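Report on the structure given below.
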Amino acid sequence: MYFTYPEIGLISVAFILILAILASKTSGRLGMPSLILFMLLGLALGKHGLAVIQLTATPWEGLKHTCEIALALILFSGGLDTQFAQVKPIVWRGVSLATAGVFFTAIITGLAAYFVLKVTPAQAFLLGAIISSTDAAAVFSVLRSKGVGLKHRLKPTLEFESGSNDPMALALTLTAISLVLGESSNAFLIVGKLVLNLGLGVSIGVLLGWATQKLINRMSLPYDGLFSVFVLAVALLTYGGAEYLHGNGLLAVYSAGVTLASHPFIHKQTILKFFDGVAWIMQILIFVSLGLVINPMALWEGAPQAIIIAIVLMLPARLIAVYISLAPFREVKQREKLFISWVGLKGAAPLVFALFPFMYIEEGFSEELAVLFLNTIMFMVLLSVLIQGTTLPNVARLLHLDLPTQERTNYPIELEQRTNFQSQMQEIFVPEGCDGVNKTLVELNLPTDSLIVLISRNGEFIMPNGNTEIHALDKLLVLATTPSDLEGVYAALGLDLPETT
């Protein structure tokens, strides 16, 4: 890689990051996920655009490894941000979607690729496997930008599915590549390797996540920032260790993040914010890098075939896969299944997996086929983002699964977890007409181990005392020792506990 003006290389990198951040702000107004704008930014800066960054040759191997590590850190961040109490009731339906759902999506999409691209069955299955996973981050960025929430535990279901289905898609992708190369096609051997790969990944992730929680609560470091660096090192160790032991590294890092998040640990908020920033940088890295290697003309030439396969993917493939996966869960309503079917939004993972075939060219994989698959996958991801991404809020409203979302208040204080400190802080919105309106804090008779720390009213913050009166539309920042104390605060205000979404 070289810059046309080498002396401004560092400035160019900073400029890319700034433009990407501005693009993420613009994406909310446009109603589309940021990732498509990141990719267009890379395209604009590459040799097919303004030629600010030019690649002398496409470094497929370096690009694949870089994007794979970036994806691992994104998944770890997603796991770390998981609210385990919300995920626990839906874990088995999430597992079913992330395994059976991915498999049937790959099979049906591969069937379409077989007829449209005129490739072999193994090659068609490879394309289906590459595109089979989903991206919840893209989904919820669109919904948040439109102020739309989701009912009936749909949010944790979709988050858990998207976090755990990338490893399954990767395992199927590697299996399909081995079939294309003519390696063992023994069904029992393939299934055995798949189960071992996934099982080892989960085991390593859970073990290291548990050990990290125990260790971090006993560590004494001179600077708080070092705790975030330590957890970053653990994430890289988890991914690298699992891959070295022939486990699924992506599943390992996600499992480690979820395991760590399910236990209290010190400096949790600081670490979460750190990894949120890391995840954003990694997303920018993936999509801008892929934008740099896109050839728009080649992408356009394969558009007709990609459109047909994408339609099959978005409609019958995802719909059938979801209905089969959720068949054992009769509590899931028809309209919920329909919405989950439409929320098969594609993101970073398929683009990263589309780079894998380039690693096997020396072993006999056709470079022409690898380029065809990369261009087809890119076009399908763009279509998914443009069609499914922009229609999600309307589909949620059409199926009556939407909830209004309250804009998050940025308080001047936050709760930082410390050792042996179990309290939790939560914002409670006071609607008009509830029992707590026009009552003082003394009259509310709050639980002993709870405290209203701040009240947000008309854009200002009030430090309350016993005589402070609660008004309609107030936002209360509540500190409670236990979940039952928090429940008691809701009861004192005459409110029901919010539904987990």
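In this text, residue positions in the sequence shown follow this note's numbering: the first is 32, and each later residue adds one. All C-beta atoms in this analysis are idealised placements derived from N, C-alpha and C, irrespective of residue type, glycine included. Computed from a predicted structure; not experimentally measured.
Report the rounded CA-to-CA distance for residue i versus residue j, giving the unit in angstroms.
| i | j | result |
| --- | --- | --- |
| GLU458 | SER55 | 26 Å |
| ASP112 | ALA379 | 18 Å |
| LEU413 | ILE67 | 7 Å |
| GLY125 | VAL374 | 14 Å |
| LEU417 | LEU330 | 16 Å |
| TRP433 | LEU181 | First, the amino acid is wrong: residue 433 is Asp here, not Trp. Cα to Cα, the separation comes out at about 5 Å. |
| ASN498 | VAL473 | 7 Å |
| SER259 | ARG249 | 15 Å |
| GLU190 | LEU281 | 15 Å |
| LEU316 | LEU323 | 11 Å |
| GLN244 | LEU482 | 28 Å |
| LEU386 | MET328 | 19 Å |
| ASP255 | LYS304 | 13 Å |
| GLY232 | ILE247 | 22 Å |
| GLU394 | PRO424 | 46 Å |
| GLY490 | LEU524 | 21 Å |
Got a sec? Which residues, its chain only, sit under 6 Å from residue i by beta carbon, not counting five neighbours each side?
| i | result |
| --- | --- |
| MET345 | none |
| PHE318 | LEU66, PHE69 and MET70 |
| PHE107 | ALA266, VAL284 and GLY288 |
| ILE325 | LEU74 |
| ILE371 | VAL353 |
| ALA45 | none |
| ALA348 | THR136, ILE139 and THR140 |
| THR407 | GLY333 and ALA337 |
Within 10 angstroms of its Cβ, does residue i collect 16 or more other Cβ (buried), or is it exposed?
| i | result |
| --- | --- |
| GLY230 | exposed |
| GLU332 | exposed |
| ARG428 | exposed |
| ARG184 | buried |
| LYS364 | exposed |
| THR471 | exposed |
| ILE556 | As displayed, the chain neither begins before 32 nor continues past 532, which places residue 556 out of reach and without an answer. |
| PRO388 | buried |
| ASN228 | buried |
| THR57 | exposed |
| ILE47 | buried |
| GLN300 | exposed |
| MET409 | buried |
| GLU367 | buried |
| HIS298 | buried |
| ASP466 | exposed |
| PHE146 | exposed |
| ILE279 | The sequence shown places Asn at residue 279, not Ile. The residue is buried, with at least 16 neighbouring Cβ atoms inside 10 Å. |
| ASP516 | buried |
| GLN85 | exposed |
| SER320 | buried |
| ASP307 | exposed |
What did DSSP end up calling residue i once you bin it into helix, strand or coil?
| i | result |
| --- | --- |
| LEU413 | helix |
| THR130 | helix |
| SER372 | helix |
| PHE46 | helix |
| LEU485 | strand |
| ALA82 | coil |
| ALA511 | strand |
| ALA522 | helix |
| LYS506 | strand |
| MET70 | helix |
| ASP516 | helix |
| GLN114 | coil |
| PHE3 | Since the first residue shown for the chain is 32 and the last is 532, residue 3 is missing from the structure and cannot be characterised. |
| THR57 | helix |
| PHE360 | coil |
| THR407 | helix |
| MET494 | coil |
| THR421 | helix |
| LEU434 | strand |
| GLY151 | Checking the displayed sequence, the identity of residue 151 turns out to be Thr instead of Gly. Coil, per DSSP. |
Closer than 8 Å by C-beta to residue i: which residues in its own chain qualify, once you throw out the five before and the five after it? Chain order, please.
| i | result |
| --- | --- |
| VAL237 | SER286, ALA287 and THR290 |
| SER415 | ALA341, LEU344, MET345, GLY375, LEU376 and LYS377 |
| LYS224 | THR206 |
| VAL309 | LEU104, SER108 and LEU263 |
| PHE115 | VAL289, ALA292 and SER293 |
Short of 7 Å in beta carbon distance, which residues of its chain neighbour residue i, apart from the five on each side in sequence? Order them along the chain.
| i | result |
| --- | --- |
| SER164 | VAL133, ASN196, ASP197, ALA200, ALA380 and PRO381 |
| MET313 | ALA101, LEU104 and ILE105 |
| MET494 | LEU485 |
| VAL211 | ALA153, GLN154, LEU157 and PHE396 |
| LEU528 | GLU518 and TYR521 |
| GLY272 | ILE235 |
May I have a chain-ordered list of the alpha helix (DSSP H) segments no shorter than 4 residues that lie completely inside the stretch 161-249? Look at the stretch 161-249 and you find these whole runs of alpha helix (DSSP H), each 4 residues long or longer: 167-176, 185-211 and 218-247.
Write down every uninterrupted run of the alpha helix (DSSP H) in the stretch 276-348 whose length is 4 residues or greater and which is fully enclosed by it, in chain order.
280-292, 299-324, 327-332 and 334-343
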